[in-house]
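In this note's numbering, the protein residues as written are 511 to 763. Yeah, the Cβ is synthetic: ideal placement off N, Cα and C, and Gly gets one too.
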Amino acid sequence: MVCGFAQSAVEGIRSAGRALATALFPPRCAACGRPGPALCQPCLATATVLARPHCRQCTRPLRYGDQCARCRHEGRRVDHLYVPYAYTPPILQAVQRFKYANKRYLAADLAALAISALPPDLQVDFVVPVPLARSRERQRGYNQGRLLAAEVARRLDLPLDAGVLIRLRDTPAQTSLPRARRIHNVRGAFRARRRLSGARILLVDDVTTTGATIDAATRALRRRGAVWVGALALARTPEERRDVPSNPSDLLL
């Protein structure tokens with residue numbers, strides 16, 4: 511009873527604090543600065559929507575089918591990757607302000623944009639954020655992936671389990687690494703802390719590039735018994751042409 515009262519009091523204080531902050535510093539569009547949501551409608555209309563049909567495991571455009579040759583060759587374990595936008599302006603500005611400029615309030619609007627990629631009949635048991643490296647969380651002072659996943663879970667009316675998946679080691683940032691190094695960089699970097707027999711899980715991250723991080727996290731969840739793992743990200747970085755094999759005749763890009 512006392513704990514419940516204390517928790518309610520804390521939540522009340524937090525809600526009041528958020529309301530006061532909103533009144534003093536109203537949210538603005540991350541691209542143009544107009545008062546309003548994370549991206550105003552004129553700016554959002556300029557965002558690049560990922561082309562369809564595309565590979566269900568990496569979202570690269572396909573001519574036919576639902577899986578590209580690269581994902582088949584690599585043995586990707588994620589069942590479905592859902593991504594609505596390319597990581598280009600204005601989505602890029604919104605994500606960067608969310609991640610690096612302490613604009614935590616953007617989580618709600620960005621989550622709403624991300625879940626637009628999900629099918630209406632999606633059936634999952636709970637939402638799991640892709641763990642952030644501890645060094646980057648200390649540097650930023652918050653975990654933007656957990657904030658985004660919490661908003662996704664709230665909007666989908668699903669439980670959030672932010673502790674089931676842990677990162678075993680800090681890994682170098684993926685953004686500056688070529689494709690092969692990214693895959694090696696995160697191999698074995700995650701572990702699930704409990705049995706997940708029969709669970710259907712939705713992983714959440716802000717941005718994906720090669721999908722190596724999502725795949726490594728998926729493997730950790732599957733090793734503990736998850737039967738289906740989907741992943742949701744707001745954006746995917748444009749295809750890096752230097753990562754395409756010199757003889758890509760068997761790849762559907």
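| Check | Outcome |
| --- | --- |
| Supposed close pair V717, A659 - CB separation, criterion 8 Å | Rounded, the Cβ-Cβ distance is 14 Å, inconsistent with contact. |
| Option in A561, P571, D576 and R607 with minimal Cα separation from P537 | R607 |
| Three-state class that DSSP yields for V634 in the structure shown | coil |
| The beta strand (DSSP E) enclosing V717, as first and last residue numbers | R710 to T718 |
| Nonlocal neighbours in the same chain, by C-beta distance under 8 Å from L602, ignoring five residues either side | A745 |
| Rounded straight-line distance, which links the Cα of V640 to that of I724 | 7 Å |
| Candidates A579, R587 and T558: closest to V593 by CA position | T558 |
| Bridge partner(s) assigned by DSSP for L742 | Y592 and V714 |
| CA-to-CA distance, C565 to A555, given in whole angstroms | 24 Å |
| Counterpart residues of H564 in DSSP-defined beta bridges | P571 |
| CB of L712 within 9 Å of CB of L666, strictly | yes |
| Helix, strand or coil at L605 according to DSSP, with G and I counted as helix | At residue 605 the sequence reads Val, which differs from the Leu that was named. Helix at V605. |
| Cβ-based neighbour list, R705, same chain, cut-off 8 Å, excluding 5 preceding and 5 following | R734 and G735 |
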